[in-house]
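Inspection log for the structure reproduced underneath, given as structure tokens.
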Amino acid sequence: MSEASDLEKVFEEKIAAEERIEPKDWMPDAYRKNLIRQMSQHAHSEVIGMQPEGNWLSRAPTLERKQILLAKIQDEAGHGLYLYSATETLGVTRAELNEALHEGRAKYASIFNYPSLTWADIGAIGWLVDGAAIVNQLSLQRNSYGPYARAMVRICKEESFHQRQGYLILVKLCEGSDDQKAMAQDALNRWWWPSLMMFGPHDAESVHSERSTLWKIKRMGNDESRQKFVDQTVAQAEAINLVLPDPDLQWNEERGHYDFGDIDWDEFSRVVSGNGPCNRERLAQHKKAHEEGEWVREAMSAYAERQLGTERE
Ligand code: FAQ
Numbered sequence: 030m031s032e033a034s035d036l037e038k039v040f041e042e043k044i045a046a047e048e049r050i051e052p053k054d055w056m057p058d059a060y061r062k063n064l065i066r067q068m069s070q071h072a073h074s075e076v077i078g079m080q081p082e083g084n085w086l087s088r089a090p091t092l093e094r095k096q097i098l099l100a101k102i103q104d105e106a107g108h109g110l111y112l113y114s115a116t117e118t119l120g121v122t123r124a125e126l127n128e129a130l131h132e133g134r135a136k137y138a139s140i141f142n143y144p145s146l147t148w149a150d151i152g153a154i155g156w157l158v159d160g161a162a163i164v165n166q167l168s169l170q171r172n173s174y175g176p177y178a179r180a181m182v183r184i185c186k187e188e189s190f191h192q193r194q195g196y197l198i199l200v201k202l203c204e205g206s207d208d209q210k211a212m213a214q215d216a217l218n219r220w221w222w223p224s225l226m227m228f229g230p231h232d233a234e235s236v237h238s239e240r241s242t243l244w245k246i247k248r249m250g251n252d253e254s255r256q257k258f259v260d261q262t263v264a265q266a267e268a269i270n271l272v273l274p275d276p277d278l279q280w281n282e283e284r285g286h287y288d289f290g291d292i293d294w295d296e297f298s299r300v301v302s303g304n305g306p307c308n309r310e311r312l313a314q315h316k317k318a319h320e321e322g323e324w325v326r327e328a329m330s331a332y333a334e335r336q337l338g339t340e341r342e
């Protein structure tokens, strides 16, 4: 047997035995590339995802709310950092990953191309967007690549706090005046369908699912995760008297799940291909922040080089 097929056999055996693949292990090139794609997109989502919430930092209704929101947004930056670092273990640099984002070769989650128009949107983002992210990410804790799976553990714990802080914002609004209740319902109406799109296309349309499932990069299908999210969210909406904006939503006794309406896949394609309500703004803001940070990167690498020089002397 050739050396290459020996290596491939060891890799496949590890996957079958639920062992983790680590950075120095041999792995097929397609496995490496697929991981770089998914993990870097995930990292970009965490970082771009700070923008809609950052929009409300200066207008949070109380100092306490501002502190909570600030902490949440800082957590998202941290998630981006763990994920970029984990992606770098696959032999790609952070500069290359950012370049791919800026040139439109890498994606980020479609949801962050929608505007945050009112304070209730901050509640809806925490409740729904973090809620959807957790469903997906809990399963990713069991993915086959060690650095990615381990990064997910802390990220999920933090997302859980984020989901609760968002839901609490809506609980408060729903206990308030008629205008406040209407504001909460309006935010839900606008964020519900984009949240369902976060899970990606139906499994039958998914480009990467089959390969990713075989390699245990993905542990749950897009449709299964989406269904799980719908099932858990219905009761949460009912508890605060909000109505999910879907006339087709109903419990299906036979399936033991909620049935729900069709997603507007044309809208999804538009947003993913760069033509959502805020795509240009989000990318322009990211590029601006990146350019403004140039001097920090230069200073850090000059410092690192100097340290290295001192150690060699
Ligand atoms: N948006 O073949 P599939 C968060 C693309 S973190 C944009 O099914 P896959 C925290 C997909 O990339 C949220 N593009 O792909 C937070 C592929 O295009 P490509 C992010 C999407 O990878 C909260 C094509 O469509 N979470 O929210 C989307 O097997 C609040 C075909 O799709 C993650 O990234 C989409 N929604 O399954 C932060 C989790 N869906 O690459 C701040 C990790 C699909 O060939 C505030 N990622 N596409 O050009 C995953 O689990 C997977 O990548 C999926 C997609 C499930 C998202």
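Start counting at 1 in the sequence shown, then tack on 29, and there's your number in the numbering used here.
A virtual CB, placed ideally from N, CA and C, is assigned to each residue, including glycine.
CB of residue i within 8 Å of CB of residue j, strictly
{"i": "isoleucine 140", "j": "valine 164", "result": "no"}
{"i": "alanine 266", "j": "methionine 212", "result": "no"}
{"i": "isoleucine 102", "j": "glycine 133", "result": "no"}
{"i": "leucine 273", "j": "tryptophan 220", "result": "no"}
{"i": "histidine 131", "j": "lysine 317", "result": "no"}
{"i": "asparagine 63", "j": "isoleucine 246", "result": "yes"}
{"i": "valine 76", "j": "glycine 109", "result": "yes"}
{"i": "isoleucine 292", "j": "leucine 337", "result": "no"}
{"i": "isoleucine 65", "j": "threonine 116", "result": "yes"}
{"i": "phenylalanine 258", "j": "glycine 160", "result": "yes"}
{"i": "asparagine 251", "j": "serine 241", "result": "no"}
{"i": "methionine 181", "j": "glutamine 194", "result": "no"}
{"i": "asparagine 142", "j": "proline 306", "result": "yes"}
{"i": "leucine 112", "j": "alanine 72", "result": "yes"}
{"i": "tryptophan 55", "j": "leucine 86", "result": "no"}
As assigned by DSSP and simplified to three states, the class of residue i
{"i": "glutamine 170", "result": "coil"}
{"i": "asparagine 84", "result": "coil"}
{"i": "threonine 35", "result": "First, the residue type needs correcting, since residue 35 is aspartate and not threonine in the sequence shown. Three-state DSSP puts aspartate 35 in a helix."}
{"i": "isoleucine 50", "result": "strand"}
{"i": "leucine 271", "result": "coil"}
{"i": "valine 300", "result": "helix"}
{"i": "serine 330", "result": "helix"}
{"i": "isoleucine 246", "result": "coil"}
{"i": "phenylalanine 228", "result": "coil"}
{"i": "glutamate 234", "result": "helix"}
{"i": "glutamate 125", "result": "helix"}
{"i": "serine 241", "result": "helix"}
{"i": "tryptophan 55", "result": "coil"}
{"i": "lysine 136", "result": "coil"}
{"i": "aspartate 293", "result": "coil"}
{"i": "cysteine 185", "result": "helix"}
{"i": "cysteine 203", "result": "helix"}
{"i": "glycine 120", "result": "coil"}
{"i": "tyrosine 143", "result": "coil"}
{"i": "proline 176", "result": "helix"}
{"i": "threonine 262", "result": "helix"}
{"i": "alanine 89", "result": "coil"}
{"i": "glycine 305", "result": "coil"}
{"i": "glutamate 342", "result": "coil"}
{"i": "glycine 322", "result": "coil"}
{"i": "proline 276", "result": "coil"}
{"i": "glycine 78", "result": "coil"}
Buried or exposed (CB count within 10 angstroms, at least 16 for buried), residue i
{"i": "alanine 216", "result": "buried"}
{"i": "proline 81", "result": "buried"}
{"i": "arginine 326", "result": "exposed"}
{"i": "arginine 311", "result": "buried"}
{"i": "tyrosine 177", "result": "buried"}
{"i": "alanine 162", "result": "buried"}
{"i": "tyrosine 386", "result": "Nothing about residue 386 can be reported from this structure: the residues present for the chain run from 30 to 342 only."}
{"i": "histidine 191", "result": "buried"}
{"i": "histidine 286", "result": "exposed"}
{"i": "threonine 122", "result": "exposed"}
{"i": "tryptophan 244", "result": "buried"}
{"i": "glutamate 340", "result": "exposed"}
{"i": "glycine 152", "result": "buried"}
{"i": "tyrosine 332", "result": "exposed"}
{"i": "alanine 138", "result": "buried"}
{"i": "serine 39", "result": "In the sequence under discussion, the amino acid at residue 39 is valine, which differs from the serine named in the question. Valine 39 comes out exposed."}
Residues that DSSP places opposite residue i in a beta bridge
{"i": "histidine 286", "result": "Asn281"}
Residue i Cβ short of 7 Å to the ligand NAP heavy atom set
{"i": "serine 173", "result": "By its list of ligands, the structure shown excludes the ligand NAP, since it contains just the ligand FAQ."}
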